[in-house]
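This report refers to the structure that appears directly beneath it.
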Amino acid sequence: MTRMSSNVSLYEEVGNQHESMILAHMPMVKRVAVHLKARLPPFMELDELVQVGMVGLIEAARSFDPTKGFEFEHFALSRVRGAILDEVRRQSHLPRSAVAFNKNENEAKHVLAAELGRAPTQAELALFMGKEIEEFHKERGQAKRFETFSMEVVNDEVMSMPGDSSMQPEVMVEEAEFMEAVVQAIDELPERERLVMSLYYVEELNLKEIGEVLGVSESRVSQILSTVVKKLRQNLQIA
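0 is the number of the first residue of the sequence shown in numbering that gives the first Met the number 0; add one for each residue after it.
Structure, rendered in structure tokens:
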């Protein structure tokens with residue numbers, strides 16, 4: 000069954016009583032898709048994101064319980080965002096060739112940055128990796144096509160709601176508000192601290208490797224991470 004026919008069947012299951020609710024919130028699906036598109040891997044098409052988001056909206060209409068006293072828009076927003084991000088995650092699995100190239104390129108970046116005291120050029124990376132510059136660009140382009148989320152996309156993923164339809168709307172709204180506060184707090188960090196977080200939590204470098212990239216000691220990297228955690232706890236008023 001195609002995705003379109005699946006959507007039609009799902010819509011018919013919802014029934015006419017939810018038709019006006021769905022129609023009224025269709026613009027919201029487009030806004031979420033456009034917002035996420037700027038942060039997603041380039042192979043994701045806007046029309047596809049909108050279509051997937053519509054599935055999330057229809058499922059939200061089907062499972063929403065108005066007796067809980069919460070607005071449908073908040074409930075639907077989390078489902079639409081979650082449906083889109085689930086689809087992106089599904090399509091973002093890296094083939095082995097891309098994984099190998101990205102790993103080798105990252106290792107080359109770290110070594111050369113430590114040796115040169117600056118970010119290496121692509122020509123320097125290609126030479127270090129033993130590749131002709133044309134071959135390097137070709138393999139890099141293929142790998143980047145399947146590249147997983149950037150730091151911004153990770154933030155959006157953190158904001159997304161779990162797909163469990165049993166989760167109560169009030170819990171989902173509270174979690175959405177908290178996650179948005181987390182993202183805002185991260186966005187307000189100085190650039191150097193955001194870089195350390197990205198290298199440690201996203202790139203999964205250890206303290207020594209981060210220190211080599213930044214030209215500082217492991218203890219200094221540890222201090223920066225501790226400072227970031229304290230700032231986030233204070234900003235979010237976490238005991």
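The beta carbon of each residue, even a glycine, is placed where N, CA and C say it ideally should be.
Query                                                                                                             : Result
Backbone secondary structure at S225 - three-state DSSP                                                           : helix
Proximity below 8 Å, CB of L204 to CB of S221                                                                     : no
Residue-chain proximity (L22, chain C), Cβ-Cβ < 8 Å                                                               : Protein chain content of the structure displayed is limited to a single chain, and chain C is not contained in it.
Distance, M196 Cα to H136 Cα                                                                                      : 28 Å
Beta-carbon proximity list for F71, same chain, < 7 Å, skipping 5 on both sides                                   : M20, F63
Spatial neighbours of A118 in its chain, beta-carbon cut-off 7 Å, leaving aside the 5 residues before and after   : A112
Cβ-based neighbour list, A107, same chain, cut-off 6 Å, excluding 5 preceding and 5 following                     : L124, F127, M128
Reference D85; option with closest CA among R139, G140, G55, R193                                                 : G55
Pair within 8 Å by beta-carbon distance, I223 and E190                                                            : no
Residues near A75 by beta carbon distance below 8 Å, same chain, minus five either side                           : H24, M27, G55, L56, A59, A60, F63
For H109 and I209, the rounded distance between their alpha carbons                                               : 8 Å
Alpha-carbon spacing of L188 relative to V227, whole angstroms                                                    : 8 Å
CB of V87 within 8 Å of CB of M43, strictly                                                                       : yes
Assumed close pair A122, I132 - CB separation to whole angstroms, cut-off 8 Å                                     : 6 Å
C-beta contact flag for V33 and L45 at 8 Å                                                                        : yes
Beta-carbon proximity check, K140 vs G214, cutoff 8 Å                                                             : Position check: residue 140 holds Gly in this sequence, whereas Lys was assumed. Not closer than 8 Å, so no.
Inter-residue Cα distance where the pair is L194 and A37                                                          : 20 Å
Counted within 10 angstroms of its Cβ, other Cβ atoms place S225 as buried (16 or more) or exposed                : exposed
Where M128 sits in the DSSP three-state scheme                                                                    : coil
Nonlocal neighbours in the same chain, by C-beta distance under 7 Å from N101, ignoring five residues either side : A142
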